[in-house]
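Residue numbers (our numbering): 1 to 290.
Think of the CB as a built atom: it goes at the ideal place given N, C-alpha and C, for glycine as much as any other residue.
In what follows, a single structure is set out as structure tokens and then discussed.
Pasting the structure below:
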């Protein structure tokens, strides 16, 4: 590492990979990008440079650092070329488990200097990814929200053999990038942010399909209602603050009792039928496409 700069290799140049690259480039870090799809890889650097420069106009990056990062951005024509000197390897390919397993097996031989090898997945566990590997201590999940360079949250999910010291190192790197890392202690499908978003979206869909509210008004309810409050404090801190000088256990008991009738009537379906999809698509298009 040179004066706090971390050498990063990003495997996968889709939306998530480009987001990670834009973020690291904006910090002035040297980034190597690799993708088996050469046509995707060839056009990625220009977009990454543009997205990194956009962070300057948003006040989230320094122009000098961004230009250093852009000058250091390179395309690896092989996995070995991209990863050989990297300290941090970020896997950002699509959610294809056999392809990911093959990559993580390859990382063992092509990335001897890597301190951390992370996956951006929200659908698989570390054990899933390393099923064909021998070295397990430097692997963990670092799942970002999209757009990666704009949303600060990164969910970290270590595996049972992940080096505990590495977890702290990675948190330091992420904080240096302006991210807010949180540790998920138990692997679960969708991680935490994905599950909360899925639960809220299901109820939002159900309310529209029941004719309770129109699509655009539903979006307003979420964005300027609970989302605004939770953005400031989160659901549990919000309750703690609302309790004020009252005993927290008594206040929460009353709040939980008030929620029980709502919970009993929430949507519980796990699949939206084609007819229901059409009923959702039409009003959404009408609301936002004119």
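C-beta atoms of residue 76 and residue 32 nearer than 7 Å
Cβ distance < 7 Å, so residue 76 and residue 32 count as in contact.
For residue 183, the first and last residue of its enclosing beta strand (DSSP E)
180-183 is the span of the beta strand (DSSP E), which, as asked, contains residue 183.
Once you ignore the five residues that flank residue 145 on each side, which residues in its own chain have a CB closer than 7 Å to its CB?
Contacts found: 151, 153 and 193.
When the Cβ atoms of the stretch 232-250 are set against those of the stretch 160-178, are three or more pairs found closer than 8 Å?
Taking 8 Å as the limit for Cβ pairs, the verdict is that the stretch 160-178 does not touch the stretch 232-250.
According to DSSP, is residue 61 helix, strand or coil?
Note: residue 61 maps to coil in three-state DSSP.
DSSP bridge partner residues for residue 156 (one or two, in chain order):
Residue pairing by DSSP places residue 156 opposite 142 and 183 in a beta bridge.
Would you decide whether residue 268 is buried or exposed? Buried here means 16 or more other CB atoms lie within 10 Å of its CB.
Counting other Cβ atoms within 10 Å of its Cβ, residue 268 stays below 16 and is therefore classed as exposed.
Opening and closing residue of the alpha helix (DSSP H) in which residue 126 lies:
Residue range 126-129 is occupied by the alpha helix (DSSP H) that includes residue 126.
Where does residue 5 sit, in a helix, a strand or coil, going by DSSP?
In the structure shown, the three-state DSSP call for residue 5 is strand.
Which residues mark the beginning and the end of the beta strand (DSSP E) in which residue 33 is found?
Segment 31-34, the beta strand (DSSP E) holding residue 33.
Identify which residue in 217, 149, 201 and 166 has its Cα closest to the Cα of residue 271.
Nearest of 217, 149, 201 and 166 to residue 271, Cα basis: 201.
Tell me whether the stretch 48-59 and the stretch 101-109 touch, counting them as touching only if at least three CB pairs, one residue from each stretch, are closer than 8 Å.
These segments do not touch.
Between residue 182 and residue 155, what straight-line distance do the alpha-carbon atoms span, to the nearest angstrom?
As the crow flies, the alpha-carbon of residue 182 is around 5 Å from that of residue 155.
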